[in-house]
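Protein chains: 2
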Amino acid sequence: MEKEFKNLIKTRFPYLCNTRLLLAVSGGVDSMVLACLCAHAHLDFSIAHCNFMLRGEESDGDESFVRNFAEQLEVPFFTQAFQTEKYASEKGISTQMAARDLRYEWFEELRKTNRHEYILTAHHANDNLETFLINLIRGTGPEGLSGISEKNHKVIRPLLSFSRKEIEAYAAENKLEWREDSSNASDKYMRNKIRHQLVPVMMELNPQLLQSFAKTQDHLRENMDLVEDYISLLYPKLVQKDLYGYQIDLDFLKKIPSKNQILYQLLKSFRFTEWDDVYNLVDAQSGKMVFSPTHRLIRDRETLLLTERRVKTGRKHYVFEENEKFLMIPGGILRVKPVSEIGETAANKIYVAREKLNFPLVIRRWKKGDYFHPFGMKGKKKLKDYFRDEKFSIPEKEDTWILCSGEEIVWIVNHRADDRFKVEPETREILQVSFG
Amino acid sequence: MEKEFKNLIKTRFPYLCNTRLLLAVSGGVDSMVLACLCAHAHLDFSIAHCNFMLRGEESDGDESFVRNFAEQLEVPFFTQAFQTEKYASEKGISTQMAARDLRYEWFEELRKTNRHEYILTAHHANDNLETFLINLIRGTGPEGLSGISEKNHKVIRPLLSFSRKEIEAYAAENKLEWREDSSNASDKYMRNKIRHQLVPVMMELNPQLLQSFAKTQDHLRENMDLVEDYISLLYPKLVQKDLYGYQIDLDFLKKIPSKNQILYQLLKSFRFTEWDDVYNLVDAQSGKMVFSPTHRLIRDRETLLLTERRVKTGRKHYVFEENEKFLMIPGGILRVKPVSEIGETAANKIYVAREKLNFPLVIRRWKKGDYFHPFGMKGKKKLKDYFRDEKFSIPEKEDTWILCSGEEIVWIVNHRADDRFKVEPETREILQVSFG
Numbered sequence: 001m002e003k004e005f006k007n008l009i010k011t012r013f014p015y016l017c018n019t020r021l022l023l024a025v026s027g028g029v030d031s032m033v034l035a036c037l038c039a040h041a042h043l044d045f046s047i048a049h050c051n052f053m054l055r056g057e058e059s060d061g062d063e064s065f066v067r068n069f070a071e072q073l074e075v076p077f078f079t080q081a082f083q084t085e086k087y088a089s090e091k092g093i094s095t096q097m098a099a100r101d102l103r104y105e106w107f108e109e110l111r112k113t114n115r116h117e118y119i120l121t122a123h124h125a126n127d128n129l130e131t132f133l134i135n136l137i138r139g140t141g142p143e144g145l146s147g148i149s150e151k152n153h154k155v156i157r158p159l160l161s162f163s164r165k166e167i168e169a170y171a172a173e174n175k176l177e178w179r180e181d182s183s184n185a186s187d188k189y190m191r192n193k194i195r196h197q198l199v200p201v202m203m204e205l206n207p208q209l210l211q212s213f214a215k216t217q218d219h220l221r222e223n224m225d226l227v228e229d230y231i232s233l234l235y236p237k238l239v240q241k242d243l244y245g246y247q248i249d250l251d252f253l254k255k256i257p258s259k260n261q262i263l264y265q266l267l268k269s270f271r272f273t274e275w276d277d278v279y280n281l282v283d284a285q286s287g288k289m290v291f292s293p294t295h296r297l298i299r300d301r302e303t304l305l306l307t308e309r310r311v312k313t314g315r316k317h318y319v320f321e322e323n324e325k326f327l328m329i330p331g332g333i334l335r336v337k338p339v340s341e342i343g344e345t346a347a348n349k350i351y352v353a354r355e356k357l358n359f360p361l362v363i364r365r366w367k368k369g370d371y372f373h374p375f376g377m378k379g380k381k382k383l384k385d386y387f388r389d390e391k392f393s394i395p396e397k398e399d400t401w402i403l404c405s406g407e408e409i410v411w412i413v414n415h416r417a418d419d420r421f422k423v424e425p426e427t428r429e430i431l432q433v434s435f436g
Numbered sequence: 001m002e003k004e005f006k007n008l009i010k011t012r013f014p015y016l017c018n019t020r021l022l023l024a025v026s027g028g029v030d031s032m033v034l035a036c037l038c039a040h041a042h043l044d045f046s047i048a049h050c051n052f053m054l055r056g057e058e059s060d061g062d063e064s065f066v067r068n069f070a071e072q073l074e075v076p077f078f079t080q081a082f083q084t085e086k087y088a089s090e091k092g093i094s095t096q097m098a099a100r101d102l103r104y105e106w107f108e109e110l111r112k113t114n115r116h117e118y119i120l121t122a123h124h125a126n127d128n129l130e131t132f133l134i135n136l137i138r139g140t141g142p143e144g145l146s147g148i149s150e151k152n153h154k155v156i157r158p159l160l161s162f163s164r165k166e167i168e169a170y171a172a173e174n175k176l177e178w179r180e181d182s183s184n185a186s187d188k189y190m191r192n193k194i195r196h197q198l199v200p201v202m203m204e205l206n207p208q209l210l211q212s213f214a215k216t217q218d219h220l221r222e223n224m225d226l227v228e229d230y231i232s233l234l235y236p237k238l239v240q241k242d243l244y245g246y247q248i249d250l251d252f253l254k255k256i257p258s259k260n261q262i263l264y265q266l267l268k269s270f271r272f273t274e275w276d277d278v279y280n281l282v283d284a285q286s287g288k289m290v291f292s293p294t295h296r297l298i299r300d301r302e303t304l305l306l307t308e309r310r311v312k313t314g315r316k317h318y319v320f321e322e323n324e325k326f327l328m329i330p331g332g333i334l335r336v337k338p339v340s341e342i343g344e345t346a347a348n349k350i351y352v353a354r355e356k357l358n359f360p361l362v363i364r365r366w367k368k369g370d371y372f373h374p375f376g377m378k379g380k381k382k383l384k385d386y387f388r389d390e391k392f393s394i395p396e397k398e399d400t401w402i403l404c405s406g407e408e409i410v411w412i413v414n415h416r417a418d419d420r421f422k423v424e425p426e427t428r429e430i431l432q433v434s435f436g
């Protein structure tokens with residue numbers, strides 16, 4: 001295996017020879033073999049070890065084991081302890097995902113601050129196959145099947161074309177010591193079943209399984225890349241950013257075959273789980289929504305709007321007393337001051353006749369059945385129709401304050417004043433109301 | 001299961017109720033159950049049975065079994081015997097592929113001539129999973145993983161969301177009879193191992209395996225569709241048809257990430273097997289080639305040329321005697337006739353001074369080191385340089401005849417005459433040489 005490894009470095013990763021590398025070493029057989037191979041190939045490396053503190057004394061034992069190993073090799077050693085469980089529960093993710101995030105974040109930091117060029121990890125061909133099968137069995141999007149690649153930005157996995165068997169044989173030949181990981185990672189049971197019951201049968205059916213599987217994954221990964229290229233090409237026509245998030249143009253989306261897959265690719269990082277509901281929004285009525293823990297997707301006329309989910313704290317109803325000068329509410333400050341005459345007008349400033357108002361005023365969100373008398377118009381109009389005519393999006397409607405005098409609407413704040421409260425020749429006292 | 005089937009027809013395939021259907025019935029449990037379900041749902045169908053004549057008396061037994069069943073149901077019955085082995089060896093494909101081709105071809109013919117609207121087959125969820133695993137184990141392009149869909153043009157597979165277990169339970173409940181297929185299809189051993197050793201372990205790890213696998217396959221299929229959309233978008237910029245086949249523009253291809261996958265998708269129907277060699281052509285020297293049984297792909301300057309493979313029969317060397325008037329060679333007829341004066345000139349017609357020629361003339365392909373004296377120019381030029389300057393593609397060069405007098409080139413046939421043989425004032429006898 002040593003010969004093959006050296007050859008691999010020479011042909012595929014020649015640039016590893018003249019630069020500083022950071023080796024991720026857990027103390028397990030795979031990473032110990034990687035470190036040993038790198039030492040024999042005279043590569044210039046440091047060793048980084050994560051202590052996830054998930055297995056008490058055992059974790060600490062791993063750390064000192066790897067530290068001693070680094071001392072024997074006379075290479076720099078870095079270690080870091082992580083509050084993995086705490087991080088996982090704070091982020092609401094699995095311990096495993098937490099460990100992965102923490103590890104790569106720290107490696108990248110180490111890489112930059114200590115002038116290492118590349119990070120090397122000890123993933124091998126069986127890891128990739130097992131992960132593929134886990135994801136296949138659990139059910140997954142296409143990412144779950146495309147596996148990890150030999151090189152991804154600054155992370156290189158030079159053992160990816162070697163099998164577990166080769167690695168274990170090398171460890172035995174070279175009388176390497178290593179630590180067995182007794183962790184009960186959430187997928188450990190599944191991984192063991194796959195390792196001992198599925199993969200051997202598959203290998204019996206095709207002894208070249210790992211090689212042909214590597215090609216299959218290349219295909220899948222390249223397909224994923226193509227899909228991403230395609231979507232980045234469609235993106236400018238398909239998606240617009242607006243004040244509240246993103247607008248996806250349904251007229252355009254509907255013309256594309258496989259629109260579900262496009263939606264999936266666009267939205268995959270927003271933690272939706274009910275994908276069928278997401279896909280059904282394309283043909284749903286305006287106003288329908290689907291929620292993820294962090295976001296919501298709203299069918300709004302001929303678009304889908306993706307916005308952050310609002311935390312529904314804060315009241316929906318505020319009172320503005322007669323003697324008050326201002327009131328802070330979410331989105332801005334409402335100010336009321338007496339003026340001697342009407343000044344310049346603007347969307348965020350109106351003038352009203354004080355004697356027409358019934359204090360206290362009320363500031364609230366709109367509700368079904370609301371109507372007003374648009375300034376400068378005879379007669380009344382339903383708010384619903386006003387919003388429709390002015391093409392308010394759903395988040396915009398939700399965000400709009402309504403200033404009321406009793407049951408009557410005085411101002412659709414920052415949009416349109418009501419005709420009933422306007423200043424007239426006989427007005428005795430003028431109030432300027434502004435918001436912002 | 002009957003209820004679920006009726007519900008499926010009602011919700012997903014309501015149009016099956018008012019039209020004529022063609023049921024593919026082998027006599028196995030799956031297709032017998034499908035026929036029974038269709039009868040109970042009062043669908044209007046005929047039964048089609050293929051006799052592939054692969055298992056002698058057993059095949060004939062299947063045929064009469066299905067015929068009797070159709071008579072009991074009082075539905076039209078169609079059957080056809082196929083020379084499957086013969087067809088397979090003629091086409092150079094596996095028996096299994098041959099059977100599939102023959103089956104769908106005949107079904108489609110039956111569908112059209114007997115006014116059936118749709119073809120129904122009995123593929124179920126386990127079939128799809130097993131085929132996926134077979135392809136995964138053998139190694140496959142992404143098509144092999146994306147499986148078959150519930151509806152594809154005029155073929156509908158209404159059992160695709162049902163498991164083998166449900167189908168077998170239904171057969172038992174309804175006391176259906178069926179024929180066991182003893183065929184030794186090439187994948188039978190593999191399929192059995194997968195069915196009995198892999199799938200049960202996977203089901204144990206996820207009892208909802210078939211459902212989540214169906215979603216995974218939807219993803220894969222949609223991804224494939226997206227890739228095809230993308231490629232059809234790139235196609236006009238990437239590929240040009242020319243006289244000899246297709247030209248793939250490498251300047252353009254190189255700008256696209258995942259160019260291997262693009263090449264794979266473009267070329268997948270041309271029976272290449274050495275895909276790494278194909279991919280390497282992108283960075284290879286001009287002149288490099290990769291062969292499939294039917295085609296070859298040639299690196300030719302900044303393009304890849306896909307041409308049909310030539311059958312290398314026919315000589316590369318012909319002799320034209322002094323007393324001959326014409327000679328048929330691949331690509332046309334070479335004619336030589338005395339004329340009294342130079343007539344109109346054209347690319348496919350030259351005039352030479354007879355007394356300068358050494359008979360017999362030789363017609364051959366170009367070879368390294370060839371040079372000539374281009375008509376109207378002083379001095380000589382290497383053929384290699386001429387071809388390069390005139391931007392001959394490799395197949396074009398191979399296709400070009402060279403007319404020689406002894407070692408001297410008289411004519412790059414249909415391209416350029418040699419200056420040394422031109423008609424001059426003192427020429428006594430003029431010959432017109434033409435080709436076409």
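Sequence order for the protein chains is G and A.
Numbering of the first sequence is given in the UniProt record's numbering, commencing with residue 1 and proceeding in unit increments.
Numbering of the second sequence is given in the UniProt record's numbering, commencing with residue 1 and proceeding in unit increments.
A virtual CB, placed ideally from N, CA and C, is assigned to each residue, including glycine.
Contact with chain A by residue i, beta-carbon distance below 9 Å
| i | result |
| --- | --- |
| N184 (chain G) | Confidence at N184 (chain G) is low in this model, with a pLDDT of 49, below 50, so the placement of that residue should be treated as unreliable; the coordinate-derived value is given next. N184 (chain G) does not count as touching chain A. |
| V239 (chain G) | no |
| F13 (chain G) | no |
| N7 (chain G) | no |
| residue 474 (chain G) | The displayed coordinates of chain G run from 1 to 436. Any statement about residue 474 (chain G) would go beyond what the structure contains. |
| D300 (chain G) | no |
| S161 (chain G) | no |
Contact check, residue i vs residue j, beta carbons under 9 Å
| i | j | result |
| --- | --- | --- |
| G28 (chain G) | A122 (chain G) | yes |
| I409 (chain A) | I363 (chain A) | no |
| N128 (chain G) | I148 (chain G) | yes |
| Y244 (chain A) | E396 (chain A) | yes |
| M1 (chain G) | I167 (chain G) | yes |
| F107 (chain A) | G139 (chain G) | no |
| F421 (chain G) | G332 (chain G) | no |
| K241 (chain A) | D249 (chain A) | no |
| A347 (chain G) | T427 (chain G) | no |
Interface flag, residue i vs chain G, CB-CB below 9 Å
| i | result |
| --- | --- |
| H219 (chain A) | yes |
| E222 (chain A) | yes |
| L136 (chain A) | yes |
| D229 (chain A) | yes |
| K193 (chain A) | yes |
| G147 (chain A) | no |
| I262 (chain A) | yes |
| N206 (chain A) | yes |
For residue i: DSSP bridge partner residues
| i | result |
| --- | --- |
| L160 (chain A) | L160 (chain A) is not bridged to any residue. |
| Q83 (chain G) | Beta-bridge pairing links Q83 (chain G) to no other residue. |
| I430 (chain G) | G:V339, G:A353 |
| H317 (chain A) | A:R364 |
Open item on the list: At 4 residues or longer, what runs of the alpha helix (DSSP H) sit wholly inside the segment 185–230 of chain A?
Closed with: 188–193, 199–205
*State whether the segment 63–70 of chain A contacts the segment 13–27 of chain A, with contact taken as three or more CB pairs (one from each stretch) at a distance under 8 Å.*
Yes, the segment 63–70 of chain A is in contact with the segment 13–27 of chain A.
Give, in chain order, every unbroken run of the beta strand (DSSP E) that is at least 3 residues long and sits entirely within the segment 383–428 of chain G. 402–405, 408–412
Evaluate the contact criterion for the segment 225–245 of chain A versus the segment 259–267 of chain A: three or more CB pairs, one atom per stretch, below 8 Å.
Touching, per the Cβ criterion.
Q. What runs of the alpha helix (DSSP H), each 4 residues or longer, lie entirely inside the segment 329–381 of chain A?
A. none
(Q) I want to know whether the segment 48–59 of chain A touches the segment 78–90 of chain A - three or more CB-CB distances under 8 Å. (A) yes
| said: Does the structure place the segment 143–161 of chain A close enough to the segment 174–182 of chain A that three or more beta carbon pairs sit under 8 Å? | reply: no
Okay, do the segment 335–342 of chain A and the segment 289–304 of chain A touch, 3+ Cβ pairs below 8 Å being the bar? Verdict: no, contact absent.
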